[in-house]
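Numbering (our numbering), first residue to last: 107 to 331.
Cβ atoms here follow ideal geometry from the backbone N, Cα and C, with glycine treated the same way.
For reference, the structure is listed below as structure tokens.
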């Protein structure tokens, strides 16, 4: 499965690479706080739309006392259309920049048609897909921040036979509202994130109720798996 590579921001200025631990730090007795355990269980049990392959990966260690990470790829047959990473952070003592004890951090990326990459409205549209996906699921969140980056590669010399490649990349973080017992609805946030991935990949709406959603045209040359 293709993996989203790159550094993730915690939305508070800190950045780190994934380490060799799947769930961040634990208490001295080897246990995680119940709210974090419940939030992770909700992520693991969430039912997601087709075309999405998802797996648990090592989580960052230094962004928060507790962390859990997942990577996903949107697939169509043997083609990978988009990929991303979602990290759940938890600090039982709270975090001033988060204004809460939980934070969700994401990196999403996909290749584009070159003509789409030069659209001046594209960054605003891509950011609206994130906020729109959360709102469509009825989720309340705060302190959202992030970047939308467009990049293009042109090949020369011995690589000149390769076509030019354009890519869109969304990096974002937000604080999910905490519900009963101080636990956010992480399953619903994961579902909204999967909706964002599908939009970036150019997949059609998941159902009749999503007919108003505008998606990117499927990229010209999806990567074979």
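Rounded to the nearest whole angstrom, the C-alpha separation of residue 303 and residue 192 is 11 Å. Under a 10 Å Cβ-count criterion, residue 224 is classified as exposed, with fewer than 16 other Cβ atoms of the shown protein chains found around its own Cβ.
DSSP places residue 248 inside the beta strand (DSSP E), whose first and last residues are 247 to 259. When only Cα atoms are considered, residue 177 and residue 263 end up about 35 Å apart.
The beta strand (DSSP E) runs lying completely inside the segment 155 to 239 and spanning 3 residues or more are 158 to 163, 172 to 182, 185 to 201 and 206 to 218, given in chain order. Apart from sequence neighbours up to five positions away, the residues of its chain that approach residue 233 with a beta-carbon distance below 6 Å are 254, ordered along the chain.
Annotated three-state conformation of residue 292 is helix, per DSSP. By DSSP's assignment, residue 145 forms no beta bridge with any residue. Contact holds between the segment 135 to 147 and the segment 281 to 292, because three or more Cβ pairs, one in each stretch, are under 8 Å apart. Collapsing the DSSP output to three states places residue 150 in a helix. Taking 8 Å as the cut-off, the Cβ atoms of residue 278 and residue 308 do not count as close.
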